[in-house]
Amino acid sequence: MLQNAYGLVIGYITYFMIFRHAGVVAFGIFSFALSFGLIFSFVSDLGINTAHVRMIAAGKDRNEYNNALVLMKVFLTAIYVAVILLSIFFWTVVLHHGFEYKYEYYSILLLFPYFVSLP
-9 MLQNAYGLVI GYITYFMIFR HAGVVAFGIF SFALSFGLIF SFVSDLGINT AHVRMIAAGK
51 DRNEYNNALV LMKVFLTAIY VAVILLSIFF WTVVLHHGFE YKYEYYSILL LFPYFVSLP
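So, in structure tokens, the structure goes:
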């Protein structure tokens, strides 16, 4: 509970500081890059965390399920990164649409560590 409140406060302050100091265009680019990655974030979970909690609560072997969870999360994260990169490739090369600013592409790539670290 405290962690969620802390995350909300830090997130709000971060958004405010980016908007205040970077300007409207930079904030729009940041928001686009963040939204772009979050659109595909369902790929990195697919209900695995919920199933893991249910199995542990049922008294199953923790080590076995923790190892399986880590393996599945690594696999799903690789798929998640591939989906984002393929969607960028499809948008820019196949459809011949570029990004309005080159910084949109770079900001998506710079936010990869954030996207991958999502629970």
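Each residue of the sequence shown is one higher than the one before, starting from -9 at the first, in the working numbering.
Ideal Cβ positions, reconstructed from N, Cα and C, are used throughout, including at glycine.
Which term fits S31, buried or exposed, when burial requires 16 or more other beta carbons within 10 angstroms of its beta carbon?
Burial state of S31 is exposed, judged by a 10 Å Cβ sphere holding fewer than 16 other Cβ atoms.
Report yes if the C-beta distance between E94 and A23 is below 8 Å; otherwise report no.
yes
Tell me the rounded alpha-carbon separation between D35 and K50.
21 Å
State the Cα-Cα distance for the pair V14 and Q(-7), rounded to the nearest angstrom.
30 Å
Give the range of the alpha helix (DSSP H) segment to which H86 is assigned.
No alpha helix (DSSP H) holds H86; DSSP gives it neither H nor E.
Among A58, I29, L28, G27, which has the Cα closest to the Cα of N39?
A58
Using the Cα positions of H87 and I78, report the straight-line distance between them to the nearest angstrom.
10 Å
Mind checking I3: buried by the 16 CB within 10 Å criterion, or exposed?
So I3 counts as exposed.
Could you give the DSSP three-state label for L24: helix, strand or coil?
Taken through DSSP and simplified to helix, strand or coil, L24 comes out as helix.
At the level of alpha carbons, what is the spacing between R44 and F65?
21 Å
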